[in-house]
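Okay, so here's the structure we're looking at.
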Amino acid sequence: MSENSLPRVERLRSLSAIRRLFAEGEGGFVYPFRYMCFKESGVTDDVKGDSVSGGVEVMFSVPKKFHKRANKRNVLKRRSREAYRLHKQSLVAKVAEQGIALDLALVYSTKEILSYKTIEYAVQRILGQVCSHL
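In the numbering used here, the protein residues as written are 3 to 136.
Put into structure tokens, the structure is as follows:
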């Protein structure tokens with residue numbers, strides 16, 4: 003499988019993991035995203051569930067509060083996923099090197115529908131900040 007893919011095992015789907023992420027995780031804001039990350043030390047891929055990404059699981063959210071139409075929410079989530087998919091290699095490598103598991107949530111937090119370039123730049127900055135804090 004290509005290293006630029008985003009398979010299902012790299013997506014954060016567990017409700018308990020999502021609750022833990024928002025309850026205990028650290029976060030920040032890079033316009034237009036609010037992000038949360040939660041790292042578990044000493045966790046291998048076997049415990050996390052055969053993750054090909056070295057223990058990184060990510061979720062994307064666009065609140066209905068800001069964007070009522072589903073097609074607009076879907077466009078923003080698609081742009082966010084694409085930007086993450088293309089720029090995740092440095093984060094995946096750092097997490098795999100340290101042998102930790104990382105959960106990451108990106109929440110789109112503005113009413114404007116921004117271009118892909120703006121979203122891509124924000125995702126790159128978020129990934130850089132998360133990498134530097136590991």
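Ideal placement from N, C-alpha and C gives every residue a C-beta, glycine not left out. Predicted model only: the values in this text are computed from it and were never measured.
On a Cα-Cα basis, can you pick out the residue from GLU84, HIS69 and GLN91 that is closest to CYS133? GLN91
Would you check if the distance between the CB atom of ARG36 and the CB atom of GLY29 is smaller than 8 Å? yes
Is it true that the segment 117 to 127 meets the segment 95 to 103, where meeting means three or more beta-carbon pairs spaced less than 8 Å apart? no
Residue burial classification, PHE40 (beta-carbon count within 10 angstroms, cutoff 16): buried
Residue from ARG21, VAL58, GLU5 and ALA19 whose Cα sits closest to the Cα of LEU129: VAL58
Take VAL109 and list the residues in its own chain whose beta-carbon comes closer than 6 Å to its own, dropping the five residues that flank it on each side. ARG36 and SER63
Compute the minimum distance between the beta carbon of PHE35 and the heavy atoms of the ligand NAP, and state whether it is under 7 Å. The ligand NAP is absent from the structure shown, which contains no ligand whatsoever.
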